[in-house]
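The opening residue of the sequence shown carries number 1 in full-length UniProt numbering; numbering runs sequentially from there.
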Amino acid sequence: MTRTIIRFGVIGCGLMGKEFASAAARWCHLTEMDSEPRIIAVCDANPAATQWFKDSLSSVEATYTDYREMLANPNIDAIYCAVPHNLHAQIYIDIIEAGKHLLGEKPFGIDQASNTLISEAISRNPHVIVRCSSEFPFFPGVQQMVQWVEENKFGKIIEVEAGFWHSSDLDPTKPINWKRRIATNGEYGCMGDLGMHVLHLPLRFGWKPKSVRALLSKIVPERPDGKGEIVPCETWDNAILACEVDTGGQQFPMVLSTKRIAPGHANTWFIRIMGTEFSAEFTTKNPKQVSSLPYSPGGVQSWHSTDSPYKSAYSTITGAIFEFGFSDSILQMWAAFCDELAHPTEMAQPFYCATPEEAAASHQVFTAALESNRTGQTIALHWEE
Ligand SMILES: NC(=O)c1ccc[n+]([C@@H]2O[C@H](COP(=O)([O-])OP(=O)(O)OC[C@H]3O[C@@H](n4cnc5c(N)ncnc54)[C@H](O)[C@@H]3O)[C@@H](O)[C@H]2O)c1
């Protein structure tokens, strides 16, 4: 099949920049894509960070330390930007104003004011396609849950719980990095780091909280700086948000949690939806399984755990009997983004990447959560229709 080549530049050659490069290098895994990313340029303020890309990808034609020079390259169609949060607003705005399509990393601005500036740049450049990275909904078990929500299988929703839990920061001797400093990560702390992952599906389903009561915790107050000193660890480690959802048709409580210090959990993303007629649960802790409990009045209450087949949004060479993992979800997210760039109104499947509107809504929730934690009050959220 002839594929439309989308020429990409990567800004930020750290952990996530490499994940994209690795997904692009594995594009042959996808069987029916008629578009393909080609990373032709990479940029990092630290020139050493680009070396892995030069060694690993034969497509890289140019490296930069100043992203503005890269944006002047007329051969680049689209950018993936994965830099610390304090740089999101300026760099995303410059990308959008340069007319390049953008997959930007969450939280899409260090705070709500920065996020608003990004949204304004998008409004000025409606021809540019902008999406926010969020890969977990592409797990086959989650896609199954999306289908159940669309089919209104749950009856009256009783409650929803969604979370993203880590335990890497349980170790107090782990040196601090930019993700634990307010200046670079933001006041949101763990919510900015992990929260968009948790809110993506509820927002896609239209479950915007009408109010939020937040409990934010700082558990490890200081950490080594890696240079022999102990320095303050300023950001929130864990957050529990008790939200009230009123969609018109449905009213229910929704508990969202983002935790950096959750003993026993490494990258555990989960969603649980309990309803009067059907309940369902998925967790990356057990990535093959999706559990469901159909119920009819007076009937038995019995959970069914099914090994969900490797049935991804975009078909692959992998057989249905095999397991789906984190890097597969990244590949599927990239397939969705490239598909949308190639066919903005006719994607091959309906699940598109997280939108700037969804990212903006997540900022509204996190900003209200900070206020709730500060005041001890439940904060009402007002949504523009
Ligand atoms: N989707 C996910 O699952 C996921 C996971 C981790 C991180 N992230 C997000 O990805 C983004 C980056 O996180 P990371 O873990 O890759 O961080 P990282 O620290 O590994 O990489 C960031 C890179 O940006 C570079 N950089 C800093 N200033 C720059 C500038 N002015 N111009 C160009 N490059 C610059 C740094 O040198 C570094 O190489 C963040 O927004 C983070 O929230 C997403």
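From the three backbone atoms N, C-alpha and C, an ideal C-beta is built for every residue, glycine too.
Cα-Cα separation, residue i to residue j
{"i": "CYS132", "j": "ASP77", "result": "17 Å"}
{"i": "SER35", "j": "LEU331", "result": "13 Å"}
{"i": "GLY195", "j": "SER362", "result": "7 Å"}
{"i": "GLY226", "j": "ILE110", "result": "25 Å"}
{"i": "PHE139", "j": "GLY325", "result": "8 Å"}
{"i": "ILE271", "j": "GLU277", "result": "17 Å"}
{"i": "ALA89", "j": "ASN286", "result": "36 Å"}
{"i": "GLY189", "j": "VAL300", "result": "43 Å"}
{"i": "PHE322", "j": "ALA48", "result": "37 Å"}
{"i": "TRP52", "j": "GLU358", "result": "33 Å"}
{"i": "ALA25", "j": "GLY275", "result": "42 Å"}
{"i": "THR258", "j": "ILE118", "result": "24 Å"}
{"i": "SER56", "j": "TRP303", "result": "46 Å"}
In DSSP terms, what residue i is bridged to
{"i": "LYS259", "result": "TRP165, ASN238"}
{"i": "VAL245", "result": "PRO209, PHE252"}
{"i": "CYS190", "result": "Answer by DSSP bridge pairing: none, since CYS190 is not bridged."}
{"i": "ILE271", "result": "ALA162, PHE282"}
{"i": "PRO294", "result": "PHE278"}
{"i": "SER217", "result": "ASN238"}
{"i": "CYS132", "result": "GLY104, ALA354"}
{"i": "LEU30", "result": "THR316"}
{"i": "ILE157", "result": "GLY275"}
{"i": "ASP77", "result": "Its beta-bridge partners do not exist; DSSP assigns none."}
{"i": "GLN147", "result": "For GLN147, which the question treats as bridged, DSSP gives no partner whatsoever."}
{"i": "PRO224", "result": "ILE230"}
{"i": "ASP111", "result": "According to DSSP, ASP111 bridges with nothing at all."}
{"i": "ASP171", "result": "According to DSSP, ASP171 bridges with nothing at all."}
Residue i in three-state terms, based on DSSP
{"i": "ILE182", "result": "helix"}
{"i": "ASP328", "result": "helix"}
{"i": "HIS363", "result": "helix"}
{"i": "SER139", "result": "Strictly speaking, residue 139 in this sequence is Phe, with Ser absent from that position. DSSP places PHE139 in coil when its eight states are reduced to three."}
{"i": "GLN377", "result": "coil"}
{"i": "CYS338", "result": "helix"}
{"i": "SER302", "result": "coil"}
{"i": "ARG3", "result": "coil"}
{"i": "VAL42", "result": "strand"}
{"i": "THR355", "result": "coil"}
{"i": "GLY12", "result": "coil"}
{"i": "GLU36", "result": "strand"}
{"i": "THR116", "result": "helix"}
{"i": "THR50", "result": "helix"}
{"i": "ASP55", "result": "helix"}
{"i": "ASP66", "result": "coil"}
{"i": "GLN289", "result": "strand"}
{"i": "ASP94", "result": "helix"}
Does the pairing of the region 299-311 with the region 203-216 give three or more beta-carbon distances under 8 Å?
no
Between the region 4-11 and the region 67-77, can you find at least three pairs of beta-carbon atoms closer than 8 Å?
Result yes; three or more Cβ-Cβ pairs closer than 8 Å.
If contact is defined by three or more beta carbon pairs under 8 Å, each pair taking one atom from either stretch, is the region 128-145 in contact with the region 88-106?
yes
If we count Cβ pairs, one from each stretch, closer than 8 Å, do we get three or more for the region 155-169 versus the region 80-96?
Taking 8 Å as the limit for Cβ pairs, the verdict is that the region 80-96 does not touch the region 155-169.
At a cut of 8 Å, does the region 327-346 reach the region 25-42 through at least three beta carbon pairs?
Result yes; three or more Cβ-Cβ pairs closer than 8 Å.
For the region 212-220 and the region 362-371, state whether three or more C-beta atom pairs, one from each stretch, are separated by less than 8 Å.
yes
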